[in-house]
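Have a look at the structure below, then the notes.
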Amino acid sequence: MTDSNRASGTTPASGTTPASGNQPVLFVGAGPGDPELITLKGARMLAEAELVIWAGSLIHPDVLGHCHPSAEIHDSAGLDLEAIVSLMSEGYRAGRRVVRLHTGDPAIYGAIGEQMDELDRAEVPYEVVPGVSSFAASAAALKVELTAPEISQTVILTRRAGRTPVPEGQDLVSLASHHATICLFLSVGQIGEVVGDLAEHYPMNTPIAVVANASWPEQRIVRGELRDIADKVRGAGINRTAMIVVGDVLHPVETRSKLYDAGFAHGYRSADTPAGDQHDRGGA
Ligand SMILES: C[S@@+](CC[C@H](N)C(=O)[O-])C[C@H]1O[C@@H](n2cnc3c(N)ncnc32)[C@H](O)[C@@H]1O
Numbered sequence: 037m038t039d040s041n042r043a044s045g046t047t048p049a050s051g052t053t054p055a056s057g058n059q060p061v062l063f064v065g066a067g068p069g070d071p072e073l074i075t076l077k078g079a080r081m082l083a084e085a086e087l088v089i090w091a092g093s094l095i096h097p098d099v100l101g102h103c104h105p106s107a108e109i110h111d112s113a114g115l116d117l118e119a120i121v122s123l124m125s126e127g128y129r130a131g132r133r134v135v136r137l138h139t140g141d142p143a144i145y146g147a148i149g150e151q152m153d154e155l156d157r158a159e160v161p162y163e164v165v166p167g168v169s170s171f172a173a174s175a176a177a178l179k180v181e182l183t184a185p186e187i188s189q190t191v192i193l194t195r196r197a198g199r200t201p202v203p204e205g206q207d208l209v210s211l212a213s214h215h216a217t218i219c220l221f222l223s224v225g226q227i228g229e230v231v232g233d234l235a236e237h238y239p240m241n242t243p244i245a246v247v248a249n250a251s252w253p254e255q256r257i258v259r260g261e262l263r264d265i266a267d268k269v270r271g272a273g274i275n276r277t278a279m280i281v282v283g284d285v286l287h288p289v290e291t292r293s294k295l296y297d298a299g300f301a302h303g304y305r306s307a308d309t310p311a312g313d314q315h316d317r318g319g320a
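Heads up, the sequence shown is in the numbering used here, so the first residue is 37 and it goes up one at a time.
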């Protein structure tokens, strides 16, 4: 199983054992921090793992409580790509159950692409168990619907360019022109610049919130408007592990979804009263 991992989609479901008998390396989403916000599958994979490589600078240590006491655990914070891949490859070849634990969902700023490329080169199979991303945990903390009807039907997950540049056309000023809900990762340390970029397209009274350590016991929320959020965030001393959420969805809800409106018919319910708009409004 080489490139079949990323290209063909023919790999078995997570948790199944390939023909060689060795368990594929598992990239597991740890969730945002609360150890109960890992998936059941992720927790089971951790409990069965003999070798765990975790991103210690980002993941709440309580998540490791799912590991077996005898598991060998490495913090990847001090390791480079080569060392991480060697650990995973050697563990796989030794027939050990290997979990690479990433914060939130591994597919979002998880740098798993480069690890998967190296594993492909080494002909080591792998699978991915998704996780609850911090943008979802932050929305939960804020008790907000990111896709409020008639306000925003689009969520942009992005970051401001820092040491890592963003491709042309994906800079924050360009993205702000859509007036969608924006969730900004990895950017709270540049809160002043973030506000400057957003202010190109959003009025200064646009609501904005910062959630630090969403779902951790030390979670903090700072709410404000574009005009005052930078001072509030600096005043709170928040400069890492925080999500910035901006957009009119943060205003108190005044526009309600028609999905649960008694007059709105859909496939599972007939309308009590005639309704003008019976198109799909989303919801579940
Ligand atoms: C390298 S990215 C990893 C994102 C992760 N894969 C996810 O899906 O949430 C790290 C950034 O995610 C955000 N982040 C991660 N965990 C967070 C949490 N518990 N609360 C708020 N933001 C968090 C912060 O913006 C942080 O700088």
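Don't be surprised by glycine CBs; every beta carbon is placed ideally from N, CA and C.
Predicted model, so just to flag it, every value in this text is computed and none were measured.
Can you tell me the Cα-Cα spacing of I89 and K77, whole angstroms? 17 Å
Cβ of M152 versus every heavy atom of ligand 1: is any distance shorter than 6 Å? no
Looking at the secondary structure, which residues open and close the beta strand (DSSP E) in which D111 lies? E108 to D111
With DSSP run on the structure shown, which of helix, strand or coil describes I265? helix
Roughly how far, in whole angstroms, is the beta-carbon of P71 from the beta-carbon of H102, given that I think they are within contact range, below 8 Å? 7 Å
Cβ-based neighbour list, S210, same chain, cut-off 7 Å, excluding 5 preceding and 5 following: none
If the criterion is Cβ atoms closer than 7 Å, does the pair M152 and V61 meet it? no
With distances taken from CA atoms, which of D116, A175, V202 and L82 is nearest T217? A175
Just to confirm, is the Cβ distance from L208 to V285 under 7 Å? no
Indicate, with yes or no, if ligand 1 has a heavy atom lying under 6 Å from the CB of P243. no
Cα-Cα separation between A49 and E163, rounded to whole angstroms: Confidence in A49 is poor, its pLDDT being 46 and thus under 50, which makes the residue's placement unreliable; the coordinate value appears in the next sentence. Distance between the alpha carbons of A49 and E163 is about 8 Å.
By the three-class DSSP mapping on this structure, what secondary structure does E118 have? helix
Give the C-beta separation of S213 and R196 to the nearest angstrom, bearing in mind that I take them to be a contact with Cβ-Cβ under 8 Å. Not really, about 15 Å apart at Cβ, beyond 8 Å.
Residue ranges of each beta strand (DSSP E) within the region 169-210, 3 or longer: 191-195
Whose C-beta lies closer than 6 Å to the C-beta of L87 among residues of the same chain, with five residues either side of it excluded? E108, G127, R132 and V134
As an exercise, report each continuous alpha helix (DSSP H) stretch of at least 4 residues that is fully enclosed by the region 228-253, in chain order. none
By DSSP, does A66 sit in helix, in strand, or in coil? coil
Should N249 be listed as close to ligand 1, given that the test is whether its C-beta is under 6 Å from any heavy atom? yes
Taking three-plus beta-carbon pairs below 8 Å as touching, is the region 259-278 in contact with the region 240-249? yes
Comparing the CB of I144 with every heavy atom of ligand 1, is any distance shorter than 6 Å? yes
Do you know offhand how far A147's Cα is from F63's? 11 Å
Would you mind sorting R136 into buried or exposed? The rule is 16 or more other CB atoms within 10 Å of its CB. buried
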